[in-house]
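Chemist:
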Amino acid sequence: MRLNTLKPADGAREDRKRVGRGIGSGLGKTAGRGHKGSFARSGKGKIKAGFEGGQMPMQRRLPKIGFRSKLKNDTAEVLLYQLDKLDAGDVDFAALKAAKLVPSSAKQAKIVKKGELTKKFVLKGVLATAGAKAAVEAAGGKVEE
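Using the UniProt record's numbering, the first residue of the sequence shown is number 1, and each one after it goes up by one.
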């Protein structure tokens, strides 16, 4: 092996395109750019995203609709049958958190009428639906806000 016999493996190096070097090269005359148009010109090959050739673009043709609020729903729902599992007496937001009926991320709780209530509860500082209020009062309790 001599330095003058070394050469890269077959296919390892590809010859560069020599554009505009005559008809016999296959890349003469228009040099692979076709006839006219923006891609045939020098420095004009980029079209910005969303450009539709001068036609009114899709994002401008469609109406602006909707709004998505970034506010989170911080109110946790507590069902009547879940509330019935607690010991009778005063129930406030802290008691619901302690009983793990409300997630730690919640800022307030609301009692929703689903199921039956058999014990007497006094709800303090907790929201309640109209049906839930009626059920609590029917069981002998009351709702204080």
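The beta carbon of each residue, even a glycine, is placed where N, CA and C say it ideally should be.
#1: Going by beta carbon distance, what residues of the same chain come within less than 6 angstroms of residue 101, once the five residues before and after it are set aside?
#2: Ordered along the chain, which non-local residues of its own chain (more than five positions away) have a Cβ less than 8 angstroms from that of residue 93?
#3: Could you check if residue 62 is buried or exposed, using at least 16 other CB atoms within 10 Å of its CB as the buried criterion?
#4: Taking just the CA atoms, how far does residue 66 sit from residue 90?
#5: Quick check on residue 78: does DSSP put it in helix, strand or coil?
#6: On the DSSP letters alone, give me the boundaries of the beta strand (DSSP E) that residue 136 sits inside.
#7: Residue range of the alpha helix (DSSP H) that residue 108 falls in?
#8: Which whole-angstrom value describes the C-beta separation of residue 138 and residue 120, a residue pair presumed to lie in contact below a C-beta threshold of 8 angstroms?
#9: List in chain order: all unbroken beta strand (DSSP E) runs of 3+ residues lying wholly within the stretch 36-99.
#10: Rounded to whole angstroms, what is the Cα-Cα separation between residue 143 and residue 70?
#11: With DSSP as the reference, label residue 127 as helix, strand or coil.
#12: Looking at the strands, I want to know which residues DSSP matches up with residue 144.
#13: How should residue 12 be labelled, buried or exposed, when 16 other C-beta atoms within 10 angstroms of its C-beta is the threshold for buried?
#14: Could you check what DSSP says for residue 5 in three-state terms: helix, strand or coil?
Modeler: In this structure, then:
#1: By the criterion of a C-beta distance shorter than 6 angstroms, residue 101 is surrounded in its chain by 78, 82, once the five residues flanking it on both sides are discounted.
#2: 102, 108, 109, 125, 126
#3: Residue 62 is exposed by the Cβ-count criterion.
#4: 43 angstroms
#5: strand
#6: Going by DSSP, residue 136 is part of no beta strand (DSSP E) but of the alpha helix (DSSP H) stretching over 130-138.
#7: Run containing residue 108: none in the alpha helix (DSSP H); it sits in the beta strand (DSSP E), 108-112.
#8: Their Cβ separation, rounded to whole angstroms, is 10 angstroms, which puts residue 138 and residue 120 out of contact at 8 angstroms.
#9: Counting whole runs of 3 or more residues, the stretch 36-99 contains the beta strand (DSSP E) stretches 75-79, 89-91.
#10: 32 angstroms
#11: strand
#12: 124
#13: exposed
#14: helix
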